[in-house]
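J.:
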Amino acid sequence: MTESIRIAVASADDAFSAALCAYLKGSEGAHVVESCDVEVIAAAAVETLDAVFLDIRNPDAIVSLRRLSLISPTLVLGPGEPDAMIAAFDAGAGSYIDADAAFEEIAAAIRQLVQGHAVVPPPLLGALLRHVITRRRGEEAAREQLEALTKREREVFELASAGANNATIADRLFISPATARTHVQRVFQKLDLHSRAELIAFAIRCGIYPEETQ
Amino acid sequence: MPETPSSSNRPMRRGQAWVRRHGEEVAVFNPDTDQLIQMNRSAFAIWELCDGETSPEEMAAAVADLTNVDWARAHHDVEQALRDLDGLGLLERHHRPGTSD
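Going down the list, the sequences are from chains A and B. Counting in our numbering, the first sequence runs from 4 upward without gaps. Counting in our numbering, the second sequence runs from 2 upward without gaps.
1) Chain A beta carbons: is any one of them nearer than 9 Å to that of Thr68 of chain B?
2) Please tell me whether Val64 of chain B has its Cβ less than 9 Å away from any Cβ of chain A.
3) Mapping DSSP to helix, strand and coil, what is Asn31 of chain B?
4) Is there a C-beta anywhere in chain A that falls below 9 Å from the one on Glu80 of chain B?
5) Please list the terminal residues of the continuous alpha helix (DSSP H) segment that includes Ala206 of chain A.
6) Taking buried to mean at least 16 other C-beta atoms within 10 Å of its own C-beta, is Ala86 of chain A buried or exposed?
7) Can you give the Cα-Cα distance for Gln39 of chain B and Asp195 of chain A, rounded to whole angstroms?
8) Could you name the residues of the same chain whose beta carbon sits closer than 7 Å to that of Thr121 of chain A, not counting the 5 residues immediately before and after it, in chain order?
9) Nearest to Ala183 of chain A by CA position, among A:Glu158, A:Thr51 and A:Lys28, is which residue?
10) I'd like to know whether the C-beta of Ile89 of chain A is nearer than 9 Å to at least one C-beta of chain B.
11) Taking just the CA atoms, how far does Asp103 of chain A sit from Leu50 of chain B?
12) Measuring alpha carbon to alpha carbon, tell me which residue in A:Ala21, A:Ile178, A:Ala163 and A:Val55 is nearest Ala112 of chain A.
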C-alpha cells in the first residue's frame, strides 16, 4: 500500500484477525485498528477511518454490517456462496471477498474499495448482477403502484411508513381518526399490503426512508 | 461484422453451450460452431444475464450500481460485451418484426 489508509479489522476469529492485522500493518502506509467491538470501530470511523474489514462468518456480524456500512466503506469476508454475498450487499457491504482469499487479495480489495471500486468474487458476479436487476424491477414496480395513490393517500402512506398510527395521521393531516383509518385501509388495498410492517418494507423498496414520526 | 445486439432486444444465450469454470476463466463450448471459447468472469456474468428477458439497459444499470461507474460507461461496456458474445455465436439471434438477416 503506497498511501496511508486507516483500516478497522473486525473478526470473531482472533487468530485470523491477529494474522491479518499483522499482514496489513506490514503493508506500507496501512494503519490498522483491530477490534471486534462495533462501537470502537464506529467511533474510529467517525474520525478518519477509510475502510472497515468485517468477517461475517460470525452470524451476528450482519447486524454489525448494517451499522458500520452507514459510516464507512466496508469490505466483507464471508463464505463463497451467492446467498451470503447477496445478504451482505443488501446489508450495505461495499465489497465482498471469499473466506479463502489470501491476505494479499484482501489488501488489494481494501485498496480498491477505498478508491471507490467494488470487489466481488468473480464466480458470484452473475448471481449478484441478477439480484440487483431483480431488486431494481421490484423497486420500479413498487413506484408504479405508488402512482395509483391519490395525493391524500400518498401523504397517509408516507406518515404510516414513518411509523405514525391513525391518531397521529389524523392529527398531522387535520382529519378525523375515522377518515385516517379509511385512507390507511385504501392504501393497504391499492398496494396489496396486509400490515404496517409490509407497508414500511414497501416504502423502503420505493426508496422512501422517512424519519420516524411520533 | 456480426449483427449488433440492439438496445431494444433482450438477448438470449444459446442453450446448447457447454460450460466449464476454472478459476478466473470460463470455457464455453459452442456445439454449433465446434468452438471452445475462453472468457473472463465479467463477460461470462453478462452472458449469464442473457435470458431473453433482460435488456442491455437493465444489465448496464446493475453494473453501474455495483461498480460505481456511470451508466453511459456501463452501457457502452455491456453493449461491447454483447457484440463480442454475439460475434462468437453464443447468443440467439432475435428478430423483430420487419427485420431479417
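Using N, Cα and C, we set each Cβ at its ideal position, and we do this for glycine too. Model, not experiment: these values are computed from the prediction.
T.: According to the structure shown:
1) It does: the Cβ of Thr68 of chain B has a partner Cβ on chain A nearer than 9 Å.
2) Yes, because at least one Cβ of chain A sits closer than 9 Å to the Cβ of Val64 of chain B.
3) In this structure, DSSP gives Asn31 of chain B an extended state, which the three-state scheme calls strand.
4) No - not a single Cβ of chain A is within 9 Å of the one on Glu80 of chain B.
5) Note, Ala206 of chain A: alpha helix (DSSP H), Arg199 to Arg208.
6) In the sequence as displayed, the identity of residue 86 of chain A is Asp instead of Ala. Flag for Asp86 of chain A reads exposed.
7) Taking the Cα positions, Gln39 of chain B is about 47 Å away from Asp195 of chain A.
8) It is Ala, not Thr, that sits at residue 121 of chain A in the sequence shown. Excluding sequence neighbours, Ala121 of chain A sits near Gly97 and Ser98.
9) Considering only alpha carbons, the answer is A:Glu158.
10) Among the CB atoms of chain B, none fall inside 9 Å of the CB of Ile89 of chain A.
11) Rounded to the nearest angstrom, the two C-alpha atoms are 26 Å apart.
12) The candidate whose alpha carbon is nearest that of Ala112 of chain A is A:Val55.
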